[in-house]
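In terms of my numbering, the numbers along the sequence shown are unbroken and rise by one, the last being 252.
One structure is given below, encoded as C-alpha cells.
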Amino acid sequence: MTSIRTYTIIFGALMAVSTTQAALEFVGLLEAQYWIAFIAILVLSALKAVTVAGWYMHMREEPRAITYLALAGLLGVVALTAGAGYSVL
164 MTSIRTYTII
174 FGALMAVSTT
184 QAALEFVGLL
194 EAQYWIAFIA
204 ILVLSALKAV
214 TVAGWYMHMR
224 EEPRAITYLA
234 LAGLLGVVAL
244 TAGAGYSVL
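In C-alpha cells:
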C-alpha cells in the first residue's frame, strides 16, 4: 500500500498543475495565444486525469484488462464529444 507521504506528494503535484492551468487563464494567454493555451491546458488535464486514476483510484494495481476497459470508455467519450462538436459546427 502506498504511504501517506506519497499521497501528499501527489496531491501537491496535482495542486501545482491546477495552479498552472489557472495561471494560463489568468495571465490572458487564452486571448493572446488561444491554441497554445488550449493545448497546454488539455495536456495538463490529461496528466491530472492519469495521475488521479493511477494513484487515487488504484488503477495501476488492477489487472490490465480493467485498465483497457477504462481506456476504451475514454475513447468512446472522446469520439462522442468529437462527433457532437462536429455536428454543432
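Cβ coordinates follow ideal geometry from the N, Cα and C atoms, glycine included.
Item: As assigned by DSSP and simplified to three states, the class of Val206; Value: helix
Item: Enclosing alpha helix (DSSP H) for Gly175 [first to last residue]; Value: Ile167 to Phe189
Item: Backbone secondary structure at Met222 - three-state DSSP; Value: helix
Item: Pairwise C-alpha distance: Ser166 and Ala247; Value: 42 Å
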